[in-house]
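With the first letter of the sequence shown counted as 1, position 327 gets the number 1734 in this note's numbering; the numbers rise by one all the way through. What follows is a set of notes on a single structure, which appears directly below.
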Amino acid sequence: MEHTPALAADPADRDAPRRSLILAGGGMRVAWQAGVLCALEESGLAFAHADGTSGGTINLAMLLSGRAPREMSDRWRSLRVRDFASPLALREYLRAPRLSGFAGADGIVDRVFPHLGIDVDAIRSARGIEGTFNVCNHAAKTNEAIGHREVDLDVLVAGISLPMAMPAVRRGGIPYVDAVWIKDANLMGAVKRGAEELWLLWCIGNTPAYRDGPFHQYVHMIEQSANGVLFEELDRIADLNAAIRAGHSPYGQRHPVIVHVVKPHHPIPLDPAFFLGRIDAATLVAMGYRDARRYLATMDGDRGVGLTPEATRMEEPGVRVFWRERYSGPLGRIQLVAEVPDAAAFVAGPRREARLVGRVRARGVGDALLHDGRAALEAGALVYEGAFEVGGRELVLRGRREAPRDGSLAQRLRSLRRLSVELREGTGGTLVDEGQLRPDAGRTGPLPLPIVMNVPSVRRRLTSAAAFERVMAAELLGSPSTDLDPAPQAGDH
């Protein structure tokens, strides 16, 4: 059963830096990392070592089970996220004050792991890349990085058994849990294995916002612990680099250690939003791909990021609006997700733009994720534009939704549901294909359906959605618009 996973380094390439892939935690939202891995694989990066902590152990287990990044992405997209939740036996809840956790691991073991293609025997048989899975040994209060050849099902479950959420896993009589409270990314573990270049995939939030309520403050505790320990490890790497420059290399590095951090621009919506369907795995995968492509295009390959707390800093959004659309037709299938990070600015205008991610599967072209894109209200039309790459070809998708200014309301609404599409070679290049696509059943209405996040109350969510819809109606149908007050406030992601 021996196999070489995707992204494994070629041991014969002795001139390449020894790279480590660091898959940090982030709950179920680590579907985002699958999109990042697609971009890293396309760029030709390869790794001698890969490390996972908390939710990141899921993606590490998929990778070492022989799942390539594209397959990982497809499996995340089709996963029933509610399978993560598995109630304990009733007698456990009757113990109330001594409850071992809110949910068990049956759904994860019986449904989530098999659907994601996680296979313990395949993990243990992987060659060409060294894997380490971090778990917390509660008895010793230490982090243990367990090598992939020693992994078993108990290790995989313990790696995501967050205290309070799930019971501890007893292995050899010792309780093991998620390591996130000790560390959410084991950079120094990779350095001690001789890593010279670290690629950290980070999706834990890091903004100045501090929110009220027990759930948000529990999340803040994780953010504080995960980021705080990471910053200490970056300090240690900075000290190590000073020693290497002075001619002392205790772990065998040939040059100072470079750290790359791929992260989202804004925090990823939290697990409840994923669980409730307000964001989905397809969106997270597409966002991860875009974020990685953006980092690869702008990074300083010789220096990486600064070894300071700015390494994981993100921008705090205002009231946040998403909308999702899916179209199909003879030309192919298109999935688009637009994000407005500041609804107040969008409503106020005059410039009304959103960030765009998505997936294009077109005839004669292939299957690809957008690496850059925008959606905008322009001259009475909703315009989509996104760039993607297939087989070395840089292509641009242009889509347009608009209604004629005459005719009945029903006729105009029907026109708005159609998406007119052009595919071109690069910006302004040769036309590759064109056509009209219709919305998938139940997926797209005549006006975008807003999903509002980062608001403190249901009332706020409703008023912000109403303001957004009125602007859309005014621009696309010419109906009057009345401003509400969607000013940004701290709330849930």
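Glycine residues also receive a C-beta, built at the ideal position from the N, C-alpha and C atoms.
- Of the candidates D1779, I1741, P1521, V1726, the residue whose Cα lies closest to the Cα of E1732 is I1741.
- Within the segment 1424-1512, the complete alpha helix (DSSP H) runs of at least 4 residues fall at 1438-1449, 1463-1471, 1476-1484, 1497-1500.
- Residue nearest to G1765 within the set P1757, R1758, G1462, R1805 is R1805 (criterion: CA-CA distance).
- According to the DSSP secondary-structure assignment, T1549 is paired through a beta bridge with N1544.
- The alpha-carbon separation between V1862 and A1750 amounts to approximately 11 Å.
- By the Cβ criterion, the segment 1634-1651 is in contact with the segment 1591-1611, since at least three pairs of Cβ atoms, one from each stretch, lie closer than 8 Å.
- Residue burial is scored here from C-beta neighbours: E1841 has fewer than 16 other C-beta atoms within 10 angstroms and is therefore classed as exposed.
- Straight-line spacing of the CA atoms in S1827 and V1839 works out to 14 Å.
- In the structure shown, Q1660 falls within a coil segment according to DSSP collapsed to helix, strand and coil.
- The Cβ atoms of V1542 and V1562 lie closer than 8 Å to each other.
- Counting only residues of its own chain and dropping the five nearest sequence neighbours on each side, R1484 has a CB closer than 7 Å to the CB of A1688, A1689, V1692.
- Taking a cut-off of 8 Å on C-beta distances, the segment 1598-1617 touches the segment 1659-1679, as three or more cross pairs fall below it.
- The continuous stretches of beta strand (DSSP E) do not include L1677, and DSSP gives it neither H nor E.
- Positions of the alpha helix (DSSP H) runs, each at least 4 residues long and wholly inside the segment 1815-1857, are given as 1816-1824 in order along the chain.
- The segment 1589-1649 contains, as complete alpha helix (DSSP H) runs of 4+ residues, the segments 1594-1599 (chain order).
- Rounded to whole angstroms, A1794 and R1502 show a C-alpha spacing of 55 Å.
- In the structure shown, P1716 falls within a helical segment according to DSSP collapsed to helix, strand and coil.
- Shown here for V1797: same chain residues with a beta carbon closer than 6 Å to its own, the five before and five after excluded, namely V1772, G1773, A1775 in chain order.
- For V1878, the enclosing alpha helix (DSSP H) begins and ends at 1865-1884.
- In the displayed model, G1579 falls within coil according to three-state DSSP, outside both helix and strand.
- Straight across, the Cα-Cα distance linking F1729 with A1761 is about 9 Å.
- Remark: C-beta atoms of A1782 and L1763 approach each other more closely than 8 Å.
- Contact annotation: the segment 1455-1475 touches the segment 1565-1574, with at least three C-beta pairs closer than 8 Å.
- In the displayed model, G1654 falls within coil according to three-state DSSP, outside both helix and strand.
- In the structure shown, I1686 falls within a coil segment according to DSSP collapsed to helix, strand and coil.
- Under a 10 Å Cβ-count criterion, E1717 is classified as exposed, with fewer than 16 other Cβ atoms of the shown protein chains found around its own Cβ.
- When the five nearest sequence neighbours on each side are left out, the beta carbons in the same chain lying within less than 6 Å of the beta carbon of E1801 are those of G1833, in order along the chain.
- Bounds of the beta strand (DSSP E) holding L1784 are 1779-1785.
- Apart from sequence neighbours up to five positions away, the residues of its chain that approach H1673 with a beta-carbon distance below 7 Å are M1721, E1722, P1724, P1748, ordered along the chain.
- Distance between N1550 and R1758, taken at the CA atoms: about 50 Å.
- Taking all protein chains in view, the Cβ of R1577 is surrounded by fewer than 16 other Cβ atoms within 10 Å, so the residue is classified as exposed.
- Looking from the CA of K1548, the closest CA among Q1843, V1516, L1823, K1590 belongs to K1590.
- A Cβ-Cβ distance of about 7 Å is found for the pair D1417 and A1453, placing them in contact under the 8 Å criterion.
- Closest option to E1785, judged by alpha-carbon separation, among P1476, G1885, L1414, D1813: G1885.
- The straight-line gap separating the alpha-carbon atoms of V1636 and H1456 is approximately 21 Å.
- Under the three-state reduction of DSSP output, L1569 falls in the coil class, being neither helix nor strand.
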